[in-house]
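Working notes, beginning with the structure itself.
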Amino acid sequence: MIKAVIFDMDGVLIDSEGIYLTYQLDFARTKNPAVKMEQLYPMVGATKKDSWEVVERAVDNGQTWEELREEFRKRDIYEEIDYRELYRKEATEVLAFLKEEGCKLALASSTHLELVEHVLEVNGIRSYFETVVSGNQFKKSKPDPEIYLHTARCLGVKPEECMAVEDSTIGITAAHRAGMKIAAIIDERYGFDQSLADYRLTRLKDVLEAVKKA
2 MIKAVIFDMD GVLIDSEGIY LTYQLDFART KNPAVKMEQL YPMVGATKKD
52 SWEVVERAVD NGQTWEELRE EFRKRDIYEE IDYRELYRKE ATEVLAFLKE
102 EGCKLALASS THLELVEHVL EVNGIRSYFE TVVSGNQFKK SKPDPEIYLH
152 TARCLGVKPE ECMAVEDSTI GITAAHRAGM KIAAIIDERY GFDQSLADYR
202 LTRLKDVLEA VKKA
């Protein structure tokens, strides 16, 4: 029986991955005009270090991933993005229903905590979550399972009593290693391997049926 549902944020509650990649591609091409969007796909869902090592390899201009990231950060893209536009509106209904059914709700994202909290607040859904966890709180984030194991402990439930809602290969792998059931939002844009998921969903609202089946 599923007692808790743990959501990823990017690609699940908000359709943000494409816009982030666009900014990152524009930046990478200032270093190397030959960089292609497909080369940056492994950034999706990855930790800060892993994702910017992808940029380092794609750009291949002698700069380290730390130098590239620091330069990119001089432009605060997060201030330019309207997260209400990227929000999947059906998420509010899903969260409300799960809460009414007695499910504990949490969010576990590789994104830094300040931005996660901002996204939840501007979309009016922060109150649904008992626990909000960022990958920055750990030495290793996804695909390491610790972020999910920690979140389960915070909720007071066993990992096998949790369903993780993910989209990326990295996130799905983390939840699988934690021993959780997994509902994956289908997204064929970035070449994700979702074979470890227990359920593959065409829309976020289908999480409700997945929880019932599990």
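Heads up, the sequence shown is in this note's numbering, so the first residue is 2 and it goes up one at a time. All C-beta atoms, glycine included, are put in the ideal place defined by N, C-alpha and C. This structure is a prediction, so every number in the text was calculated from the model and none was measured.
Limits of the unbroken alpha helix (DSSP H) element including Ala29 | Within the sequence shown, numbered from 1, the residue matching residue 29 stands at position 28. Element bounds for Ala29: Glu18 to Lys32.
Looking only at C-alpha atoms, which of Tyr149, Tyr191 and Val133 sits nearest to Ala175?
-> By one-based count along the sequence shown, residue 175 stands at place 174. The shortest Cα separation from Ala175 among Tyr149, Tyr191 and Val133 belongs to Tyr149.
Who are the Cβ neighbours of Val166 in its own chain at under 6 Å, not counting the five residues just before and after it?
-> Here residue 166 refers to the residue found at position 165 of the sequence shown. Excluding sequence neighbours, Val166 sits near Phe8, Val13, Ala184 and Val208.
Can you list, in chain order, the residues of its chain whose CB lies under 8 Å from that of Ala97, leaving out five sequence neighbours each side?
-> Residue 97 sits at position 96 when you count from the first residue of the sequence shown. Correct list, in chain order: Tyr129.
With 16 other Cβ atoms within 10 Å as the buried cut-off, status of Asp194 = Reading the sequence shown from its first residue, position 193 is the one you call residue 194. Exposed.
Enclosing beta strand (DSSP E) for Tyr79 [first to last residue] = Walking along the sequence shown from the start, residue 79 turns up at place 78. Looking at the DSSP string, Tyr79 is not in any beta strand (DSSP E); the run it does join, the alpha helix (DSSP H), is Ile78 to Glu81.
What number of angstroms, rounded off, separates the C-alpha of Ile78 from the C-alpha of Leu106?
-> Taking the first residue of the sequence shown as position 1, residue 78 is located at position 77. Taking the first residue of the sequence shown as position 1, residue 106 is located at position 105. Ile78 and Leu106: Cα-Cα distance of roughly 29 Å.
Can you grab the Cα-Cα spacing for the pair Val212 / Glu131, in whole Å?
-> For this step, residue 212 is matched to residue 211 along the sequence shown. For this step, residue 131 is matched to residue 130 along the sequence shown. Their Cα atoms are separated by approximately 18 Å.
Close-in-space but distant-in-sequence residues of the same chain around Glu94 (CB under 8 Å, 5 per side omitted) = Along the sequence shown, one-based indexing puts residue 94 at 93. Here the set comprises Lys206.
Using only alpha-carbon positions, find the residue among Tyr191, Gly192 and Met181 that is nearest to Tyr200.
-> Counted from its first residue, the sequence shown places residue 200 at position 199. For the residues Tyr191, Gly192 and Met181, the minimum Cα distance to Tyr200 belongs to Met181.
Best match in Gly46, Glu122, Ala198 and Arg154 for proximity to Glu18 [C-alpha to C-alpha] | Within the sequence shown, the letter at position 17 stands for residue 18. Ranking Gly46, Glu122, Ala198 and Arg154 by Cα distance to Glu18 puts Gly46 first.
Would you say the segment 28–43 touches the segment 133–151, given that touching needs at least three Cβ pairs under 8 Å?
-> no
Look at the alpha carbon of Asp188 and the alpha carbon of Met44, and state the distance between them as a whole number of angstroms.
-> As a working mapping, residue 188 is identified with position 187 in the sequence shown. As a working mapping, residue 44 is identified with position 43 in the sequence shown. Asp188 and Met44: Cα-Cα distance of roughly 15 Å.
8 Å CB neighbourhood of Arg85 in its chain, flanking five on each side removed | By 1-based counting over the sequence shown, the position of residue 85 is 84. Taken in chain order, the residues that qualify are Val123 and Asn124.
Cβ of His119 within 7 Å of Cβ of Ser135?
-> Translated into the one-based positions of the sequence shown, residue 119 becomes position 118. Translated into the one-based positions of the sequence shown, residue 135 becomes position 134. Contact flag unset, no.
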